[in-house]
Amino acid sequence: MSERTSAAHAASSPTAPVGDERPARRWLLAALALALLLRLVSWWQSTLMMNDGPDFLWQAGQMLAGHWDAALSHPYLPLYAAATAGVARLVGDLVVAGLTVSILSGLLLVLASWGFGRRVPGARVIAPCAALAAAINVRAVNYTADIQSDGLFAALALCALWAMWTSRERKGCARSALAAGALSGLAYLTRYEGLYLCVPWAWLLGVALVGGRARVPMLRATLAFVVGVLACVLPYVLEVHALTDAWALSIKPSALRMGLTDADEFLQAPPDSPLGWPFIPSRRASLAAGAEARADGAGSEAEAEAEAETETETETADGTHSAPSPGAEPGSGPTGPSKPDGKPATPAHDDGPHEDAARTPDDPAQQADDGTARGASRTPDHATSPTDGTRPAWTAAGVGGAAALASHAATAVGAVRPAPSLPLLARDARMLSPFALVAEILRGFLHTLRGEAFVLALAGGCVLFRRRRELLGFLLVTSVGWLGVLAIHLHVNGYLSNRHYLTAIVPMLPLCGAGIAWFAAPVTWRRVVLGLALFESVRAGTWPQREDKQPRLDALAWVAEHTRPEQWFLTQRRRDGFYAGRRAIVTNMPCRDVSVLKKLREYDVPYAVFSLDTLEHDQPEWLDGTRFAEVTRFSDAGETVLVLRPTFVELEDGSAGR
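Each step along the sequence shown adds one to the number in the numbering used here, with nothing skipped, and position 497 is 497.
Laid out in structure tokens, this is it:
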């Protein structure tokens, strides 16, 4: 073979060395530095963390205090909180620790995208471009610059896919397969949807079996992959069973609807966690409960019972809970005040981005996975660990649990479990025709991916179609398969938000990298398009995704100064309780006055905090002075936030309005 032929073969081989590695490593370090800078800027530009943040910090605080049963009884899976707790031991602050874990997840996402780029011919150019694509992608920046588990989940998912493809290229390398399984299991411990990563591996195995290449090594690699998954999944499943007496891959409400637990009811969140605070459903949830009772033909008695259930939050769309007693002590997690003067310990730059644009604020079902989901049935003992020797043996328990979960998952396929009653918008989503369901999924995917990333991914797909079709197929199968999972989720649970699409987007990052390399060619129009796409990505990723929230922080600080630590206040977001250092009664709006009045009396609530825009849009009657009196307001150019005092708590129930 001539030198020219050998050189051509080396250049076309996906696993061939690419020459001097030092320039490639320098480009990788530059991409990592850019990713770090953009995420710090994004956090700096934001004001409030996402709504789930306080619950992850509460979990981490419980772990630091050694209360593992309480932490594992929370519906959110534990890996992000455990990583936050570990970093907090080094930095001494839970908020900084949570942000550190998220930003490191963003850097891991860059590294995994770079690794995929190295599997494409022309890796010397495409690998740095793939790293750049992950560094500047708007959604990747958004979800890895916040106190939120989605960034860690996405990074682990892409690393698992990278390990899968490496195992396939090495003709069934068992070590890479074991790593892929372990990474998939870790993704599951971040979000239960991580088990979906078994699907891309099944596709690789099927291709190997059909193609007749490396069948035996791929079967051995599959065994290693399964071992890696089970090593992470089984301990958590067995611990959940010991705490709750239910076999469950997750105790989130959406898992109940998907058939991933054999519990007949929602499991209650720990009452001192933000997720366990009292909750007032929206008016739509009340109407849905009454409509369901009427549809059952049970008459006025059933309708009254449905209304009573709605008012006491025992069975709303997102699995509300029996509220803790008014005299309960504040949680021992990070929600209490941490300054001597009683003001909340507000981080200097506290918002990870970014409310999902497609989310409807007054629809509890759309927020179920984002943190307004509640539990309603069993309450484990969060103070002590079981020590009576009643935990099942691991082997027998594992077999029994697998059989129970398989049975319940089978009943969930093709039918919606009747346990939760969903609000009206969720019901509408479940009634979509197959064509409309697919159209809605694609619309959400393109909206979340954004136009500039779509253009880059389309060009990159054309590059891989010519150079590395097997890799293109693997990435597309992974992304499209996840969209299929989302279609099932939308049908069963009735809602989706932007962050649910993140796992469909991360396989697009290597394609975006190949697209950047193609547009960077010395052709004027290509470089103009590339410059516009890169500029828009950086601008959108670092621009504040919400209006300035400083007035809200000022209002919450005022509440902290004028209330005692054991007092409650009324607001619309759980994170407000974190920033006020007080426990909050959370309401979805518009809501019924009678439900609000019940909670105000039960918990002796002195103040409520709402934005003026929210009240004008959802509850304008609260501004006429008959239900609430304005105490003070805080304003700037972007927002006005009111501190209100309830004035109708002494009225008779019948005169309290709706």
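The beta-carbon is built from N, C-alpha and C at its ideal position, and this holds for glycine as well.
Item, Value
"Sequence-distant residues of its chain with Cβ nearer than 6 Å to L600 (five each side left out)", "P646 and V649"
"As assigned by DSSP and simplified to three states, the class of L471", "helix"
"N- and C-terminal bounds of the beta strand (DSSP E) containing A521", "No beta strand (DSSP E) holds A521; DSSP gives it neither H nor E."
"Selection from A208, S537 and G86 that minimises the alpha carbon distance to E169", "A208"
"Nearest-angstrom Cβ-Cβ length linking L38 and V110, presumed shorter than 8 Å", "At roughly 11 Å, the Cβ-Cβ gap does not stay under 8 Å, so L38 and V110 are not in contact."
"Close Cβ partners of L34 (< 6 Å) along its chain, the five nearest in sequence each way excluded", "A135"
"Beta-carbon gap between A97 and W114 smaller than 8 Å", "no"
"CB of D554 within 8 Å of CB of F610, strictly", "no"
"Min CB distance A140 to chain B below 8 Å", "Among the protein chains of the structure shown there is no chain B, as only one such chain exists."
"Distance between T587 and F279 (C-alpha atoms, nearest Å)", "6 Å"
"Reduced DSSP category for T360 - H, G, I as helix; E, B as strand; rest coil", "Confidence at T360 is low in this model, with a pLDDT of 35, below 50, so the placement of that residue should be treated as unreliable; the coordinate-derived value is given next. Correct three-state label for T360: coil."
"Bridge-paired residues (DSSP) for W692", "Shown here, the chain extends from 1 to 658; a query on residue 692 therefore has no answer."
"Own chain, CB closer than 7 Å to A255, minus 5 neighbours either side, in chain order", "Y192, A248, L249 and T261"
"Start-end ranges of the alpha helix (DSSP H) lying completely within the segment 224–274, minimum 4 residues", "253–257"
"Where E452 falls, given that 16 or more other Cβ within 10 Å makes a residue buried", "buried"
"Secondary structure of V413, DSSP reduced to three states", "With a pLDDT of 41 at V413, under the threshold of 50, the predicted position of this residue should be treated as unreliable, though the coordinate-derived value follows. The answer is coil: DSSP assigns V413 none of H, G, I, E or B."
"The alpha helix (DSSP H) enclosing T84, as first and last residue numbers", "L79 to V91"
"CB of P507 within 8 Å of CB of D636, strictly", "no"
"Closest Cα partner of L219 within the set G206, V229 and G228", "G206"
"First and last residue of the uninterrupted beta strand (DSSP E) at S167", "No beta strand (DSSP E) contains S167, which is instead part of the alpha helix (DSSP H) from D150 to E169."
"Cβ pair G117, G513 closer than 8 Å", "yes"
"Top-ranked residue by Cα proximity to L195, from G172, S167, C173 and V237", "V237"
"In chain order, each alpha helix (DSSP H) run of at least 4 residues that lies wholly inside the segment 40–82", "53–64 and 68–73"
"Selected residue, minimal CA-CA separation from P75, among A83, L267 and S105", "L267"
"Where the beta strand (DSSP E) containing S282 begins and where it ends", "Where S282 is concerned, there is no enclosing beta strand (DSSP E), given that its DSSP letter is neither H nor E."
"Cβ-based neighbour list, A221, same chain, cut-off 7 Å, excluding 5 preceding and 5 following", "S167, G172, C173, A174 and A177"
"Best match in A60, S497 and L475 for proximity to G444 [C-alpha to C-alpha]", "S497"
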